[in-house]
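Following our numbering, the numbering of the sequence shown begins with 8 at its first residue and continues without gaps. The beta-carbon is built from N, C-alpha and C at its ideal position, and this holds for glycine as well. Here's the structure, in structure tokens; my notes come after.
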Amino acid sequence: MPEVITLGEALVEIMRPGVGIPLDQPDTFLGPYPSGAPAIFADAVARLGLSCGFIGCVGADPFGRCLTSRLQADGVDTSWLKAIDDAATGVAFVAYYEDGSRQFIFHIADAAAGRLGPEQIDRAYIQNARWLHITGSSLSVNESMRQACYRAVELASEAGLTISFDPNLRAELMGPEKVRDLVEPVLAHAAVILPSGEEARLLTGVDNDAKACQALLQHGAKIVALKRGAEGSILFTRDERITVPGFDVTETDPTGAGDCYAAGLAAGLLWGWELERAARFANAVGALAVTRQGPMEGAPWREDVDRLLQSSTTRSR
Ligand code: ATP
Ligand code: MG
């Protein structure tokens, strides 16, 4: 039985090979690359050396096999990753632009990924674990995936697992009130919240990153890890505020950094490390994640993280 469990959308990403190639004209694509925020988290946790299970659905097709075999090769437990016959694996098409922005076309809600529902959440599987991670993107896929997440949270909180939450919902699609409603059943039980500044402000309605993180602590979280891209992260607890600088790396593809950071923080805390050490480790995991093209390709192995930590080139504050 895995120590860490996550659930939600697994999909493949099909990407433009260079910047500035829009999605509305014929041109070349690269892929399939395994993706989906919770799947990236699961893969990263396993590469760091902890046992991790991923609950979700893929199609019984080559893209589904691409995902399943990749997760299995890295050591993720796929006992509850179903391959279903009558739906195709989820897909995201991605274009990159000069200004750093990205454009997506998603096939998730109506694809196999969107078939995950609460009936696929096994009580014993959840309750024998130590940590459950929920990704906000999963809460906005569809009602059945949302209910699966809520069910997992309910079972985890009943059994005293640590619940972490990355609130990466696509707020522009639904507005702040709706986001807060969807997130509330998870926020109410999450001990560790990992927002970007924008997400922290959106969730709390407080117009300042640090104050918004403090407000999330008032809500019941024990640790709020504010992710700041190349700048690193700031960790907030009731008594402390720890600023941890980022590592100096060359960014090739930022997708997946947040999921890898979450994996690093969960791993460090599960190993019993102090918060500052776990956060520095998480920064290193997030930094390595951006050095490779492909959302899951940069998920580092434990040895790679240790090597970066030893060479220790952090940015000045
Ligand atoms: P995403 O949603 O795109 O996966 P995010 O917005 O959730 O990412 P980021 O702040 O971009 O999260 O990245 C998470 C962590 O990864 C950062 O806190 C930092 O530690 C590390 N990181 C991200 N980008 C860089 C970078 N360019 N250089 C060094 N470290 C980085
Ligand atoms: Mg994010």
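Kindly indicate which residue of the options has the alpha-carbon position closest to the one of residue i.
i, options, result
"Gly-167", "Asp-173, Ala-159, Pro-174", "Ala-159"
"Phe-36", "Gly-25, Gly-43, Ala-46", "Gly-25"
"Leu-18", "Met-152, Glu-304, Phe-113", "Phe-113"
"Glu-283", "Asp-129, Cys-156, Ala-232, Asp-173", "Ala-232"
"Ile-241", "Ser-203, Ala-270, Asp-260, Thr-262", "Ser-203"
"Arg-54", "Asp-81, Leu-74, Gln-32", "Asp-81"
"Tyr-103", "Pro-29, Phe-243, Leu-209, Gly-124", "Pro-29"
"Leu-223", "Thr-259, Ala-269, Asp-173, Ala-294", "Asp-173"
"Ala-228", "Val-98, Thr-211, Gly-239, Ala-237", "Thr-211"
"Gly-271", "Arg-248, Asp-188, Trp-138", "Trp-138"
"Ala-288", "Gly-275, Gly-279, Arg-299", "The displayed chain sequence assigns Phe, not Ala, to residue 288. Nearest C-alpha to Phe-288: Gly-275."
"Ile-91", "Phe-70, Phe-111, Asp-84", "Phe-70"
Check for me: the beta strand (DSSP E) holding residue i runs from which residue to which?
i, result
"Pro-24", "18–26"
"Val-11", "11–14"
"Arg-248", "248–252"
"Arg-109", "109–114"
"Leu-242", "239–243"
"Val-98", "97–103"
"Gly-271", "Note, Gly-271: premise wrong, no beta strand (DSSP E); alpha helix (DSSP H) at 264–277."
Hey, quick one: how far does the alpha helix (DSSP H) through residue i stretch, first residue to last?
i, result
"Ser-144", "143–146"
"Phe-70", "69–80"
"Lys-229", "From DSSP, Lys-229 is part of no alpha helix (DSSP H); its letter is neither H nor E."
"Leu-282", "282–296"
"Phe-48", "44–55"
"Val-90", "Just to set this straight, residue 90 is Ala in the shown sequence, not Val. Here Ala-90 belongs to no alpha helix (DSSP H); instead the beta strand (DSSP E) covers 88–91."
"Gly-204", "204–211"
Between residue i and the ligand ATP, is the CB less than 6 Å from at least one heavy atom?
i, result
"Tyr-40", "no"
"Tyr-103", "no"
"Lys-234", "yes"
"Gly-275", "no"
"Glu-258", "yes"
"Gly-239", "yes"
"Pro-24", "no"
"Tyr-157", "no"
"Phe-254", "yes"
"Val-217", "A small correction: the amino acid at residue 217 is Ala; Val does not occupy that position in the sequence shown. False, no ligand heavy atom lies under 6 Å from that Cβ."
"Gly-301", "no"
Strictly under 7 Å for the Cβ-Cβ distance: is residue i near chain B by that measure?
i, result
"Leu-180", "The chain inventory of the structure shown lacks chain B, comprising one protein chain alone."
Assuming residue i and residue j make a contact with CB atoms under 8 Å, what is their CB distance in whole Å?
i, j, result
"Ala-136", "Glu-16", "Wrong, their Cβ atoms sit about 20 Å apart, outside the cutoff."
"Val-98", "Met-22", "Not really, about 11 Å apart at Cβ, beyond 8 Å."
### Query
Which ranges would you report for the alpha helix (DSSP H) in the region 130–201 if only whole runs of at least 4 residues count?
130–134, 143–146, 150–165, 183–194
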